[in-house]
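*Asks:*
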Amino acid sequence: LGVVYEEEAEADDGDGTSEVTALAFDGDHVASGHACGAVFLRNTSRTLMRASHEGVVTGVHWEGGATAFSASADRRLAQWDVRTGTRVAALQAKRPILCMDVCEGYAALGLDDGSVCVCSLSPLRLLFSFKAHDSPVSAVRLVTVSQLVTSCAGGGVALWRLDEEEGSERRLTRFDGHTAPVVCVDGGLQRGGAPRCAEMTRDHPRVGDAEKVVSGARDGTVRVWDISLGRLRFMLQGFTPYIGSVQLSSSWLMADGTNNAVVMMDFSNGEPAEEEDDDDEDGDEEEEEE
Numbered sequence: 006l007g008v009v010y011e012e013e014a015e016a017d018d019g020d021g022t023s024e025v026t027a028l029a030f031d032g033d034h035v036a037s038g039h040a041c042g043a044v045f046l047r048n049t050s051r052t053l054m055r056a057s058h059e060g061v062v063t064g065v066h067w068e069g070g071a072t073a074f075s076a077s078a079d080r081r082l083a084q085w086d087v088r089t090g091t092r093v094a095a096l097q098a099k100r101p102i103l104c105m106d107v108c109e110g111y112a113a114l115g116l117d118d119g120s121v122c123v124c125s126l127s128p129l130r131l132l133f134s135f136k137a138h139d140s141p142v143s144a145v146r147l148v149t150v151s152q153l154v155t156s157c158a159g160g161g162v163a164l165w166r167l168d169e170e171e172g173s174e175r176r177l178t179r180f181d182g183h184t185a186p187v188v189c190v191d192g193g194l195q196r197g198g199a200p201r202c203a204e205m206t207r208d209h210p211r212v213g214d215a216e217k218v219v220s221g222a223r224d225g226t227v228r229v230w231d232i233s234l235g236r237l238r239f240m241l242q243g244f245t246p247y248i249g250s251v252q253l254s255s256s257w258l259m260a261d262g263t264n265n266a267v268v269m270m271d272f273s274n275g276e277p278a279e280e281e282d283d284d285d286e287d288g289d290e291e292e293e294e295e
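End of the sequence shown = 295 in the numbering used here, gap-free, step of one.
1) Do you know whose CA, among A71, G69, A78, lies nearest T63's CA?
2) Taking the C-alpha atoms as reference points, what is the distance between G42 and R92?
3) What do you reckon, are the CB atoms on L3 and M269 nearer than 9 Å?
4) For the beta strand (DSSP E) that contains A27, what are its first and last residues?
5) Find the nearest neighbour of T155 within the set K136, E170, E171, judged by alpha-carbon distance.
6) Does the contact criterion of 3 or more C-beta pairs under 8 Å hold for the region 230 to 238 versus the region 172 to 185?
7) Counting C-beta neighbours from all protein chains within 10 Å, is the total for P246 16 or more, i.e. buried, or is it exposed?
8) Among the residues of its own chain, which have a CB less than 6 Å from the CB of H58, if the five just before and after it don't count?
9) Going by beta-carbon coordinates alone, are G262 and G225 separated by less than 9 Å?
10) Using CA atoms only, rank isn't needed, just tell me which of W85, S50, S255, W165 is closest to H66.
11) Considering W111, what are the terminal residues of the beta strand (DSSP E) in which it resides?
Next comes the structure, spelled out in C-alpha cells:
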C-alpha cells in the first residue's frame with residue numbers, strides 16, 4: 006500500500022502481468038514469487054535480487070540476510086545468494102511442491118501427492134517425509150519445530166505433533182468438515198512451547214493459539230477447530246471462494262476473501278475502558294459528599 010514495484014511488469018506471462026503466488030513480509034523486507042517462476046527480494050525502497058524457477062513459485066522465505074529460499078512446482082527448494090542472485094543449493098522433491106512454511110531454520114513442504122517433507126535450511130537437506138493426506142497438500146503451517154498444521158485439496162485439516170512417535174494417539178489430530186479445498190491454515194501452539202517465529206514484524210511476532218486451529222477453504226467458510234476435542238468449535242460464513250489467508254491469536258482472527266476486504270474479528274472479553282472507570286469513581290465520590 007503506497008509502494009509499487011515496477012519491476013514486476015518484467016516478470017510477465019506474455020501480457021505484462023504475472024500473478025503473485027507467494028509472499029513474505031516482515032515489516033522491512035519483501036519476498037515475492039510469481040506464476041511465471043520469478044522471485045523478487047526487496048526492501049522498502051528498491052529491488053535487491055531477481056531470480057527464477059522453471060515453474061510456479063509456491064513459497065518464499067527471506068529474513069533480510071545474505072541468503073533466501075524459495076519453493077516451486079518445479080520440485081525444487083532453492084537457496085539463493087542475495088548479493089549475486091545465483092542459486093547456491095537446491096533440494097529436489099519427488100513431486101511438485103505446492104506450499105512451504107519456515108520456522109527456526111526448518112522448512113515444511115507440501116507435495117501434490119499428499120506427502121509432507123521436513124527439511125533443514127542450514128545445511129539444506131531433507132530430514133524426513135511422511136504421507137499426510139490422500140489428496141494434494143494445499144497448505145502447511147510449521148507452528149514450532151515440533152508442531153505442524155496441514156490441509157489438503159480434499160477439504161481435510163490435520164495437526165501433527167512431530168515429536169511424538171509414529172502410532173501414538175497424540176501424534177495426529179484430524180479435523181473434517183470443509184466441502185472444498187482448504188487453502189490456508191493457522192493456529193496450534195503447544196502450551197509451554199516456544200512461540201512461532203516472527204513473520205509480520207520483528208517487534209510483533211505472530212503466534213498461534215494453544216487451543217485452536219483455523220482453516221479457510223474454497224467453500225467460502227472459515228472454521229475454527231478445538232484441538233483438545235478434535236472437532237469444530239465454530240464456523241464463519243460469507244467469505245468468497247477466493248479466500249487466501251487466515252491468521253489467529255487467542256483473542257482475534259483475521260481473514261481475507263470478502264469482496265476484496267480484509268476482515269478482523271475480535272473475540273476478547275471487552276474490558277471496560279479506563280475513562281468509564283474514572284467517571285464511575287467520580288460519580289461515587291459525589292454521591293458520598295451529598
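Glycine is no exception: its CB is placed at the ideal position from the N, C-alpha and C atoms.
*Replies:* In terms of the structure at hand:
1) Walking along the sequence shown from the start, residue 63 turns up at place 58. Comparing Cα positions, the closest option is A78.
2) Within the sequence shown, numbered from 1, the residue matching residue 42 stands at position 37. Within the sequence shown, numbered from 1, the residue matching residue 92 stands at position 87. Each residue's alpha carbon lies about 14 Å from the other.
3) Any property of residue 3 remains undetermined from this structure, which presents the chain solely from 6 to 295.
4) Working through the sequence shown from its first residue, we reach residue 27 at position 22. Segment 25 to 30, the beta strand (DSSP E) holding A27.
5) As a first step, residue 155 is located in the sequence shown; it is residue number 150 there, counting from the start. The shortest C-alpha separation from T155 is found at K136.
6) yes
7) The residue you call residue 246 lines up with position 241 of the sequence shown. Label assigned to P246: exposed.
8) The residue you call residue 58 lines up with position 53 of the sequence shown. G42, S77, D79.
9) Indexing the sequence shown from 1 puts residue 262 at position 257. Indexing the sequence shown from 1 puts residue 225 at position 220. Cβ distance < 9 Å, so G262 and G225 count as in contact.
10) Stepping through the sequence shown from its first residue, residue 66 is reached at position 61. Comparing Cα-Cα distances from H66 to each of W85, S50, S255, W165, the minimum goes to W85.
11) Counting from one through the sequence shown, the residue named residue 111 turns up at place 106. The residue you asked about is not Trp; residue 111 is Tyr in the sequence shown. Counting along the chain, the beta strand (DSSP E) containing Y111 begins and ends at 111 to 116.
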